[in-house]
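Below is one structure, written out as structure tokens; comments come after it.
Number of protein chains: 2
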Amino acid sequence: MKWDTLEDEPCSVARTVSVIGDRWTLLILRDCFLKVRRFEAFQARLGITRHLLAARLKKLTEAGVLKKVAYQQRPTRHEYVLTDKGLDLHPVIMGIVHWGDMHMAGTAGRPLLHRHRACGCLCDPVMVCSECREPLKARDVVVEPGPGAAVPARAGS
Amino acid sequence: MKWDTLEDEPCSVARTVSVIGDRWTLLILRDCFLKVRRFEAFQARLGITRHLLAARLKKLTEAGVLKKVAYQQRPTRHEYVLTDKGLDLHPVIMGIVHWGDMHMAGTAGRPLLHRHRACGCLCDPVMVCSECREPLKARDVVVEPGPGAAVPARAGS
DNA sequence: GTTGACAGTTCCAAAAAAGAACTGACTTAT
DNA sequence: ATAAGTCAGTTCTTTTTTGGAACTGTCAAC
């Protein structure tokens, strides 16, 4: 499987991974949600090489996750900000944060807490079913082929 | 930043990414949730090189995300199954799936549908606040330093 | 006793990333 | 008017990681 063919796979995970599925990209997105916007700021925070940072930002921009917004002319300087499509990645990042908080926090405890403006509480993210609003447990979810499923010959057992 | 120092970062995203933050690992986990368990099955489905697959499975096992369960002796053969820690990644995978469904689905529509056993409905995953149960929107969440936060000198503005 | 499944390992070539310096268009300080 | 600094990259070379394919070893089935 080649990475540039991944987005053609009939799998939403593969398609998403083709956009955000590498280490640096996830860290860049984390910083985007923490309101980091400028090339130099990403570079300083992450320690990523400038070459890779430029490539990742370009890819995310082309994928419609980030957009470049000019904040000055002459020389044109832009910030990278999340689009609506990018903001929709919030559940993914929150899921990652929460897993890290639960399973990878050191003895010092979790590094960041999340306060929900709507209710004012410190909270955790919980995945629930859109229909019954009960928490979605892995073993309670069964998959069925959808309209864009792979041809049956390849669906396997 | 080196990848083997990533897990020492005071950031839950960085720590999580050090475990699951690469393309193959995410695809392997997807297959785990689809009940793929054996080396050859992963290899056939993913087209990953055997070398990398062995390395990724080993890493996930060492991280406590998968465990090896013998299903026969002589020769000892094992399956890789998700631990409780691994099952806790379900929200992350579901978040990725849902984003792909929304933003990367082709004209054919989403490849897989999810049925919630508890209510019987086809559903989407929704991230909600653990306290007020309202959907968590990116702009409604503010972060605060927690007990394991970085030293203030590096916290930045 | 030959074939085939399984779960890897080993080898080499090719691709990607790290690391550091360089470019170029401007701003601000001297 | 020159010098130094900022921002957003690009261009190099070296190192690391992957890809691709074949090889190993243990057993079961034919």
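Listed in order, the protein sequences are those of chains A and B. Residue 85 in this note's numbering is what sits at position 37 of the first sequence, and the numbering runs on without skipping anything. Residue 117 in this note's numbering is what sits at position 69 of the second sequence, and the numbering runs on without skipping anything. The C-beta atom is built at its ideal place from N, Cα and C for all residues, glycine as well.
Name the chain B residues that come within less than 7 Å of residue 133 (chain A), Cβ to Cβ?
151
Quick one: residues in its chain with C-beta nearer than 8 Å to the C-beta of residue 126 (chain B), no 5 flanking neighbours on either side, listed in chain order?
Its chain contains 116, 117, 118, 119 as the residues whose beta carbon lies nearer than 8 Å to that of residue 126 (chain B), once the 5 sequence neighbours on both sides are disregarded; these appear in chain order.
Between the alpha carbons of residue 110 (chain B) and residue 103 (chain B), how many angstroms are there, rounded?
11 Å
Report the neighbours of residue 110 (chain B) on chain A: residues whose CB is nearer than 7 Å to its CB, in chain order.
Those within 7 Å of residue 110 (chain B) in chain A number zero; the least Cβ separation is about 13 Å.
For chain A, is any of its Cβ atoms less than 8 Å away from the one on residue 64 (chain B)?
yes
Use the C-beta contact count for residue 162 (chain A): other C-beta atoms within 10 angstroms, 16 or more gives buried, fewer gives exposed.
buried
Verify the CB distance criterion: does residue 179 (chain A) have a CB-CB separation below 8 Å to chain B?
yes
Whole angstroms are fine: how far does the CA of residue 141 (chain B) sit from the CA of residue 140 (chain A)?
8 Å
Is the CB of residue 200 (chain A) under 8 Å away from at least one CB in chain B?
Because residue 200 (chain A) carries a pLDDT of 43, less than 50, the predicted location of this residue cannot be relied on, and the following value inherits that uncertainty. Closer than 8 Å: no.
Same chain, Cβ closer than 8 Å to residue 107 (chain A), neighbours up to 5 away in sequence not counted
Closer than 8 Å at Cβ, skipping near neighbours: 67, 73.
What does residue 126 (chain B) pair with, by DSSP beta-bridge criteria?
B:118
Coarse secondary structure for residue 192 (chain B), derived from DSSP in three states:
In this structure, residue 192 (chain B) counts as strand in the three-state DSSP scheme.
Note the first and the last residue of the continuous alpha helix (DSSP H) segment covering residue 82 (chain A).
Residue 82 (chain A) -> no alpha helix (DSSP H), and no H or E assigned at all.
Closer than 8 Å, CB to CB, is residue 99 (chain A) near chain B or not?
no
Which of helix, strand or coil does DSSP assign to residue 152 (chain A)?
coil
Indicate whether at least one CB of chain B lies closer than 8 Å to the CB of residue 76 (chain A).
no
Buried or exposed (CB count within 10 angstroms, at least 16 for buried), residue 113 (chain B)
buried
For the stretch 178-193 of chain B against the stretch 183-191 of chain A, are there 3 or more C-beta pairs whose distance is under 8 Å?
no
Thinking just about the alpha-carbon of each residue, which of B:172, B:89, B:171, B:177 is nearest to the one in residue 165 (chain A)?
B:177
Which partner residues of residue 160 (chain A) appear in the DSSP bridge assignment?
B:193
Flag residue 87 (chain A) as yes if its beta-carbon sits less than 8 Å from any beta-carbon of chain B, otherwise no.
no
Residues of its chain near residue 170 (chain B), where Cβ-Cβ distance is below 6 Å and the 5 sequence neighbours each way are ignored:
161, 163
Are residue 168 (chain B) and residue 80 (chain B) touching if we call contact CB-CB under 8 Å?
no
Cβ of residue 116 (chain A) versus every heavy atom of the ligand SAH: is any distance shorter than 7 Å?
This structure lacks the ligand SAH; in fact it carries no ligand of any kind.
Contact belief for residue 154 (chain A) with residue 61 (chain B) at Cβ below 8 Å, rounded distance in angstroms
At roughly 14 Å, the Cβ-Cβ gap does not stay under 8 Å, so residue 154 (chain A) and residue 61 (chain B) are not in contact.
With a threshold of 8 Å between beta carbons, is residue 182 (chain A) in contact with chain B?
Taking 8 Å as the threshold, the shortest C-beta distance from residue 182 (chain A) to chain B falls below it.
On the DSSP bridge list, what partners appear for residue 170 (chain B)?
B:163
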